[in-house]
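Below: the structure, in structure tokens.
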Amino acid sequence: MILPTILSLIRHVKFECGKQPQFQCPHCPIRTTRNSTLKKHIGNRHFGGGYEKKIIAGHNGGGGGGGGGKSGGDSKISTKNEECGKKYSQSPTLWRHVKYECGKGPQFHCPYCMKGFTRKFTMLKHADKQHEKEYKDDGRTTSFDIKPEMFDNTQERRNEIFRRQQVIRNQRLESEFGIKPGGFKCTNCGKMYNQQASLWRHSKYECGKGPQFQCPYCALKVTQKCYMRKHILRRHADKVFNYMTC
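The opening residue of the sequence shown carries number 1 in the UniProt record's numbering; numbering runs sequentially from there.
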């Protein structure tokens, strides 16, 4: 099998080569090797089976032509989740409802009062409105009313949301537990980390352990997958492009 790009090879090795499909459809027994393929399957198969998809034609009172008849206006797609009966005008909205809301408890909790929300953005707006005095951001704006026009693209908006979440979390850790930002310490070796996730990764893959990830092209071993990918791209790009196997 010829893989045209390095990213395709990485995805192939990580999710496909020698592995069983890892992504399970929540509505039927089918499993896929890629999350994107699973989403397409759900849209193609279950919007006509497990979901109801209708075209609801808008009507204008002042139709032209046929003597006072109703003329079709803009059409609107309505998708219905048969599990709970809720309808949505857009497929992505239905997908988010199925993934985060339908039949599930709140997954996002306010760091101040622990109130639960089904959407992260709703939780952030709650934190800003209900806990404004507790939220301090080193002189920056404290508003969580993040409007799309404030940023050039969606990724910038997501980065801003993530940054503000980090501020809330760091303030709570410092006020309640005395842990300052950058104060996550490994109890085994004493190394300090800015984020708890970095400390967790260090404890799982690095501390007291030898490098676990072996380069398939040379003798180098590294402690993290991301280092391995960078090494392959930097040192073995020619071999990757000529790679033929499956």
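Quick reminder that beta carbons are idealized off the backbone N, C-alpha and C, glycines included.
Query                                                                                                                                                                    : Result
Would TRP95 and ILE42 be called neighbours here (beta carbons separated by less than 9 Å)?                                                                               : yes
State the CB to CB distance for the pair PRO106 and PHE117, rounded to an integer number of angstroms; the pair is presumed to be in contact (CB under 8 Å).             : 5 Å
Under 9 Å, do CYS189 and CYS207 count as touching if we go by C-beta distance?                                                                                           : yes
Between which two residues does the alpha helix (DSSP H) holding ALA197 run?                                                                                             : 196-201
Does DSSP put TYR88 in a helix, a strand or coil?                                                                                                                        : strand
From the DSSP output, read off the bridge partner residues of PHE184.                                                                                                    : TYR193
Around the Cβ of MET192, are there at least 16 other Cβ atoms within 10 angstroms (buried) or fewer (exposed)?                                                           : exposed
Helix, strand or coil for LYS209, going by three-state DSSP, please let me know.                                                                                         : coil
For ALA197, count neighbouring C-beta atoms within 10 Å of its own C-beta (all shown protein chains included) and say buried if the count is 16 or more, exposed if not. : exposed
With C-beta atoms as the reference, is PHE213 less than 9 Å away from LYS221?                                                                                            : yes
Please report the residue range of the alpha helix (DSSP H) in which HIS231 lies.                                                                                        : 225-235
According to DSSP, is HIS41 helix, strand or coil?                                                                                                                       : helix
List the endpoints of the continuous alpha helix (DSSP H) containing LEU124.                                                                                             : 120-130
Measuring straight from C-alpha to C-alpha, what distance separates GLN24 and TYR88?                                                                                     : 24 Å
Would you mind sorting ALA237 into buried or exposed? The rule is 16 or more other CB atoms within 10 Å of its CB.                                                       : exposed
Note down the Cα distance separating VAL98 from LYS104, rounded to an integer number of angstroms.                                                                       : 9 Å
Tell me whether HIS12 sits in a helix, a strand or coil according to DSSP, three-state version.                                                                          : helix
Have a look at GLN130 and CYS113 and give me their C-alpha separation to the nearest angstrom.                                                                           : 9 Å
Kindly indicate which three-state DSSP category HIS109 falls into: helix, strand or coil?                                                                                : strand
Determine the direct distance from the alpha carbon of CYS17 to that of LYS115, and round the result to whole angstroms.                                                 : 43 Å
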